[in-house]
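Just so it is clear: in the sequence shown, position 540 is 541 by our numbering, and no numbers are missing. C-beta atoms are modelled at their ideal positions from N, C-alpha and C, and glycine is treated no differently.
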Amino acid sequence: MPKFAIAIAILLVSARASAESRALCGGAASVTRDTASSPWSLAVGGAQTLLGAGDLELRAVGPLVLLRGAEDPSGPGWSAVVRCGPGPVARVAEGRERWVGEDVGQRRREALSVATVAGVERVLRVTYDEGRRLCGVGYAVAETAWFDPATSRWVEARVSLGGALPRAEDEASVTAARDASGLVAPVALRGYQDATGREAVAVGPRLDQDGARGVALGAGSVISFELPVGVGLEGVDLGLQRAGGDPLRLAVFTEPGSGPRDATVGSTALAEGRGVVRLAWPGVEAARCVALRFGSAVTLSRLALRTSLDADGPRAFERLAQEASTPQGEGALRLLLSLGPEALAALRARVPEMPTPARRRALRLLAGHRDPETLALMVAALANDETRDAALAALQAAGPQAVTALGASLGENPAAAGALAVLHAPIEARAMALLRGLSTDDAAWRATRGALERVLPGLVTTPHFEAWLAALPSDDPRAETRGLRVAAESLTPGTASTPTLGQRALRYFTQEAAFEMRYRALAALPFSPDGVTRLQALVTDDDDDDLRAEAARVLGRSGAGDAALLRALGADPVPRVRAAAAAALAGRAGATAGLVEALGRDRWPSTRVAAASALAGASGAASGLLGALSDRNVGVVRAALHALGQTPGPEVTGRLVAWAEDGRHNPELRRDAVDAAGNHCDASALGPLERLLESTSDPSLPPYELEVGEAALAAIARIDVARARAWIARNGSNAAAASAVERSSRRACAVR
């Protein structure tokens, strides 16, 4: 035979050997593999689609054909579904058994398989969640659905798959997601039985310690528990109840481990239903987690893990507490918190010595513990700036017990008052707890007063306020007057249901009392008619200058006593009393004349400043305030300018701008005058303000002159923002000026 004929024969044989084809749907479609390169392609309607590599499994499911490619070392597994029957052949689904997504731990993967759903064999699509791993048995299922050939839609499936899926990993994941949902999968270790034989803490809120109730689990259910740190795992105790007489088969998984350990519980052990079944195996060193897979339906009423810690006793707790101080100590902390009172005591003893990050972590994990010793630890941590936030967060979860612990520590730890102010607890309980702070030293009282100032305004609108007043300690004058003052400052005089407040304060003025008691009690006098009368007498007749000044301030809050205040303003020999009287008369229509007179004649600047401020917005006060612009005291002029910005009068705006244009005046005061003119929103001021802006916007001017120009530009922007923008465009001002204009335009004057 010629050589070229031999070569052709070899090529033909090779071509026949390099291709493998499998028919689908009666030959209407086929899957072909090129055995030389190992890819599979699906021919549907003449199109060739690459599917994967490796061996191919075909399975008919009614009018569907499932193709599964085995796992291949060079790439992910795959699966696809082809629909046969009348009409054209079509591929309806394809799944890749690989994780899809960017972030590890948040990815998902899909797999197609076959399962029996309601007695009918179906193609099932299972989606796994990488963030939920079940110990030793794979990943939890996020979604399951079966394909309906009649509608070509996926239908959500809520089924226990039993042994239908080809791998135990898939089976365990699906059943755990369905049958054990609402239990604890996965959860941290919550209890065990130690060497003293104490009862284990039950796992999960739906498991009772006494085994009286339980959770029903279907066949194939998986419960997975994480052990926060590696411990030797020796066994598990189960409280089980099961209908029927067949033995119960269990598979126990651990990580690390060498595959599942199978166990069978005979019917005798389950006869009573509430008995405890103890499973044991050789110790697993440094186990991280354990999972149980139930081969048949069962009711679980109790679960406890037996670990190597049981034999070590307190030494194990101390070792774990020491481990908790390390940067990787969160697992040790979680385990300690699950091991009972002795472990918790070991942790409490260690926390103060921990580095700050470990202390914060421990406090965060202690959240919700309500025993007095742990609460005291949290309260003590409030005194440290670095652990205060973590301690407060832990106390927030403790409820009413935290209120009691914080109240008891007010004298030693002023930070406790601040915690009470923001604690998530009933306001009446927090206010009552803060009563303890009334009797503390000055430093602790200052913190308590700040907390009461935040709490009491919300309490006065409730029926509990009178009870709080009644609880003020009447046998301790310092504590009582502190409470009366802070309560009075939290109220508006005349508030209903508070007559007892004024009556209790009045007692300190009908009998001998120390100065500090009377001074504090003054604030509560306006809440009683007799107290208002006493206040008016105090303003004019008391021998103590400080009491007269304080009485004037309090009388101003009450809205009464005009005559007494005017008399003090004009005749009291002490300047601070006159100034207090002037400030108290602010906003009172009948006091304008007296205030104007004090502004023009009082020899003491502080009184004139108080009078000018009190005249702000008063009708008929414009002339007196304009006259004060010639005062020799800078403070008086500044107060008059600020008041003129709120005071009506036809001549006010023009006088303010003219005053600002006078370069002989203090530049800071000229800027205040421009601001006041802008507050009047008078369009007639635009021209003068623009002239002032032209003369004070040269970059060569000193900064204090440029500030006057900036104020003029801002005033123009308030009155007419378009005019300010036009000026900027015309003069080429910098970006800072343009930004200032836009800021001022947000406070633009209302259109008139």
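Open item on the list: Pull the bridge partners of residue 22 from the DSSP assignment, please.
Closed with: Position 21 of the sequence shown, counting from 1, holds the residue named residue 22. 33, per the DSSP bridge assignment.
- [ ] In the DSSP assignment, find the alpha helix (DSSP H) that holds residue 548 and state where it starts and stops.
- [x] The sequence position of residue 548 within the sequence shown is 547, counting from 1. From DSSP, the alpha helix (DSSP H) with residue 548 extends over 546-559.
Task: Alpha-carbon to alpha-carbon, residue 523 and residue 576 - done: Taking the sequence shown and counting its residues from 1, the one referred to as residue 576 is at position 575. Taking the sequence shown and counting its residues from 1, the one referred to as residue 523 is at position 522. Answer to the nearest angstrom: the Cα atoms are 20 Å apart.
Task: Integer Cβ distance of residue 613 from residue 630, believed to fall under 8 Å - done: Against the sequence shown, residue 613 aligns to sequence position 612. Against the sequence shown, residue 630 aligns to sequence position 629. At roughly 10 Å, the Cβ-Cβ gap does not stay under 8 Å, so residue 613 and residue 630 are not in contact.
- [ ] Could you tell me which uninterrupted alpha helix (DSSP H) segments, each at least 4 residues in length, are contained entirely in the stretch 334-376, listed from first to last along the chain?
- [x] 342-351 and 357-366
- [ ] Compute the distance between the beta-carbons of residue 365 and residue 395, then report whether it is under 8 Å.
- [x] Position 364 of the sequence shown, counted from the first residue, corresponds to residue 365. Position 394 of the sequence shown, counted from the first residue, corresponds to residue 395. In this structure, residue 395 lies closer than 8 Å to residue 365 by Cβ.
- [ ] Quick one: using the 10 Å Cβ neighbour count with 16 as the cut-off for buried, is residue 408 buried or exposed?
- [x] On the sequence shown, position 407 is the one that residue 408 refers to. Under this definition residue 408 is a buried residue.
- [ ] Report buried or exposed for residue 140, applying the criterion of at least 16 other Cβ atoms within 10 angstroms of its Cβ.
- [x] Translated into the one-based positions of the sequence shown, residue 140 becomes position 139. Buried, by the Cβ-count rule.
Task: Span separating the alpha-carbon of residue 649 from that of residue 744 - done: On the sequence shown, residue 649 is found 648 positions in, with the first residue counted as 1. On the sequence shown, residue 744 is found 743 positions in, with the first residue counted as 1. Cα to Cα, the separation comes out at about 25 Å.
Task: Euclidean distance between Cα positions of residue 471 and residue 554 - done: Translated into positions along the sequence shown, residue 471 becomes position 470. Translated into positions along the sequence shown, residue 554 becomes position 553. So the alpha carbons of these two residues sit roughly 26 Å apart.
- [ ] Evaluate residue 121 with the Cβ neighbour count: other Cβ atoms within 10 Å of its Cβ, from every protein chain shown; 16 or more gives buried, anything less gives exposed.
- [x] In the sequence shown, residue 121 corresponds to position 120, counting from 1. Counting Cβ neighbours within 10 Å, residue 121 comes out exposed, since fewer than 16 surround it.
- [ ] Please determine, among 123, 128 and 134, the residue with the shortest C-alpha to C-alpha distance to residue 147.
- [x] Taking the first residue of the sequence shown as position 1, residue 147 is located at position 146. Cα-wise, what sits closest to residue 147 is 123.
TODO: Grab the span of the beta strand (DSSP E) containing residue 755 for me, first residue to last.
DONE: Since the first and last residues shown for the chain are 2 and 753, residue 755 lies out of range.
Open item on the list: Could you pull the DSSP bridge partners for residue 117 from this structure?
Closed with: The count along the sequence shown starts at 1 and reaches residue 117 at position 116. For residue 117, which the question treats as bridged, DSSP gives the partners 122.
Task: residue 635, buried or exposed, once every other Cβ within 10 Å from all chains shown has been counted against 16 - done: Working through the sequence shown from its first residue, we reach residue 635 at position 634. Label assigned to residue 635: exposed.
Open item on the list: Rounded to whole angstroms, what is the Cα-Cα separation between residue 25 and residue 110?
Closed with: The count along the sequence shown starts at 1 and reaches residue 25 at position 24. The count along the sequence shown starts at 1 and reaches residue 110 at position 109. Residue 25 and residue 110: Cα-Cα distance of roughly 27 Å.
Open item on the list: Could you compute how far the alpha carbon of residue 692 sits from the alpha carbon of residue 658?
Closed with: Looking up residue 692 in the sequence shown gives position 691. Looking up residue 658 in the sequence shown gives position 657. About 10 Å.
- [ ] Determine the contact status of residue 252 and residue 263, defining contact as a CB-CB distance below 8 Å.
- [x] Here residue 252 refers to the residue found at position 251 when the sequence shown is read from its first residue. Here residue 263 refers to the residue found at position 262 when the sequence shown is read from its first residue. Cβ distance < 8 Å, so residue 252 and residue 263 count as in contact.
Task: Neighbour-count burial assignment, residue 198, 16 or more Cβ in a 10 Å radius - done: On the sequence shown, position 197 is the one that residue 198 refers to. Residue confidence is low: residue 198 scores 25 on pLDDT, short of 50, so the model does not pin down where it sits. No coordinate-derived value is stated.
Open item on the list: Quick check on residue 414: buried or exposed, where buried means 16 or more other Cβ atoms within 10 Å of its Cβ?
Closed with: For the purposes of this step, residue 414 is identified with residue 413 of the sequence shown, where counting begins at 1. Under this definition residue 414 is a buried residue.
Open item on the list: On the criterion of 16 or more Cβ atoms from any shown chain inside 10 Å, does residue 456 qualify as buried, or is it exposed?
Closed with: Position 455 of the sequence shown holds residue 456. Burial call: buried.
Task: Check whether residue 566 and residue 540 have beta carbons under 8 Å apart - done: In the sequence shown, the residue the question calls residue 566 occupies position 565. In the sequence shown, the residue the question calls residue 540 occupies position 539. Closer than 8 Å, so yes.
Task: Between the CA atoms of residue 85 and residue 65 - distance to the nearest angstrom - done: Position 64 of the sequence shown, counted from the first residue, corresponds to residue 65. Position 84 of the sequence shown, counted from the first residue, corresponds to residue 85. Cα to Cα, the separation comes out at about 6 Å.
Task: Nearest to residue 711 (by Cα), restricted to the options 669, 102, 749 and 723 - done: Along the sequence shown, one-based indexing puts residue 711 at 710. If we check each option's Cα against that of residue 711, 669 comes out closest.
Task: residue 411 vs residue 445 beta-carbon contact at 8 Å - done: The residue given as residue 411 occupies position 410 in the sequence shown. The residue given as residue 445 occupies position 444 in the sequence shown. Taking 8 Å as the Cβ cut-off, residue 411 and residue 445 qualify as a contacting pair.
Task: N-terminal and C-terminal residue of the alpha helix (DSSP H) that residue 516 is part of - done: For the purposes of this step, residue 516 is identified with residue 515 of the sequence shown, where counting begins at 1. Per DSSP, residue 516 belongs to the alpha helix (DSSP H) from 516-522.
Open item on the list: Do residue 434 and residue 405 have their beta-carbon atoms positioned less than 8 Å apart in this structure?
Closed with: In the sequence shown, residue 405 corresponds to position 404, counting from 1. In the sequence shown, residue 434 corresponds to position 433, counting from 1. A contact, by the Cβ cut-off of 8 Å.
- [ ] Answer with buried or exposed for residue 114, where buried requires no fewer than 16 other C-beta atoms within 10 angstroms of its C-beta.
- [x] For the purposes of this step, residue 114 is identified with residue 113 of the sequence shown, where counting begins at 1. Residue 114 should be labelled buried.
- [ ] List the DSSP bridge partners of residue 83.
- [x] For this step, residue 83 is matched to residue 82 along the sequence shown. Answer is 66 and 92, bridged to residue 83.
Task: Own chain partners of residue 101 with C-beta closer than 7 Å, once the 5 adjacent residues on each side are dropped - done: In the sequence shown, counting from the first residue as 1, residue 101 sits at position 100. Closer than 7 Å at Cβ, skipping near neighbours: 108, 109 and 110.
Open item on the list: Does the distance between the C-beta of residue 653 and the nearest non-hydrogen atom of the ligand HEM fall short of 7 Å?
Closed with: Annotation note on the ligand HEM: not contained in the displayed structure, which lists no ligands.
- [ ] With DSSP as the reference, label residue 697 as helix, strand or coil.
- [x] In the sequence shown, the residue the question calls residue 697 occupies position 696. Three-state result, residue 697: coil.
Task: Contacts around residue 623, its chain only, beta-carbon distance under 8 Å, and the 5 residues preceding and following it disregarded - done: By one-based count along the sequence shown, residue 623 stands at place 622. Same-chain partners within the cutoff: 645, 648, 649, 650, 652 and 653.
TODO: Please report how far the alpha carbon of residue 531 lies from the alpha carbon of residue 662, in whole angstroms.
DONE: Mapped onto the sequence shown, residue 531 falls at position 530. Mapped onto the sequence shown, residue 662 falls at position 661. Roughly 54 Å separates the two Cα atoms.
- [ ] Return the first residue and the last residue of the alpha helix (DSSP H) that residue 144 is part of.
- [x] For the purposes of this step, residue 144 is identified with residue 143 of the sequence shown, where counting begins at 1. Here residue 144 belongs to no alpha helix (DSSP H); instead the beta strand (DSSP E) covers 139-149.
Task: Reduced DSSP secondary structure (H/G/I, E/B, other) of residue 717 - done: The residue given as residue 717 occupies position 716 in the sequence shown. Of the three classes helix, strand and coil, the one that applies to residue 717 here is helix, per DSSP.
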